Amino acid sequence: MAVPIRETGVAGRNAGLDGETTLGLLRRLMDELAMLFRQEMALATAEISRTLAKLTAGLVSMVTGAAVLFAGFLVLLAAGVLALSLVVAPWLAALIVGAVVTLIGLVMVLVGRKALSPAALELRHSPESLRKDKEVLTRSTS
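Per the numbering used here, the sequence shown starts with residue 29, numbered consecutively.
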């Protein structure tokens, strides 16, 4: 008894398509495109979720590290006060360290504020370049 041979490959697929109508082929194409779109969206969603999870973990690590760094800085300031108190009165040591740290912080804030001022953020080259492009275009269309 002969066993029927199942066709595979491109020729096998095309053999099944011979009997389909154009409308059937278009419907099948649309179904496959919709399925492909859903699969691509699922892949993109999974990748975005994974990326957001990594981003969240990194941000949590940075914030925690910044808090520990700040605590370490405060301990170093206290050590500076204690070391200076061996030379001057303890209240004066605390006042000196506090004043120096406050001045450093004030300078840093002022430098940062200057960097964020509207004049520092003003676009200088782009408007001029756009103006020149406009002039060239208006001359060439005239």
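Beta carbons are placed, not taken as given, at the ideal position from N, Cα and C, and that holds for glycine. Keep in mind that this is a model prediction, so the values were computed, not measured.
Check, Outcome
"Assuming L112 contacts V125 under a Cβ cut-off of 8 angstroms, what Cβ separation, rounded to an integer in Å, is found between them?", "6 angstroms"
"With distances taken between CB atoms, is the gap from V103 to A121 smaller than 8 angstroms?", "no"
"Using a Cβ-Cβ distance cut-off of 8 angstroms, determine whether K160 contacts chain D.", "Reference to chain D is not applicable here, since this structure consists of a single protein chain."
"Could you give the first and the last residue of the continuous alpha helix (DSSP H) run that contains R17?", "As shown, the chain starts at 29 and ends at 170. That puts residue 17 outside it, with no answer to give."
"Between which two residues does the alpha helix (DSSP H) holding A117 run?", "Per DSSP, A117 belongs to no alpha helix (DSSP H) and is neither H nor E."
"Which value, in whole angstroms, describes the spacing of the CA atoms of E163 and A147?", "26 angstroms"
"Might you give, ordered along the chain, the residues of its own chain that have their beta carbon closer than 7 angstroms to the beta carbon of T49, omitting 5 neighbours on each side?", "none"
"Is S145 helix, strand or coil by DSSP?", "coil"
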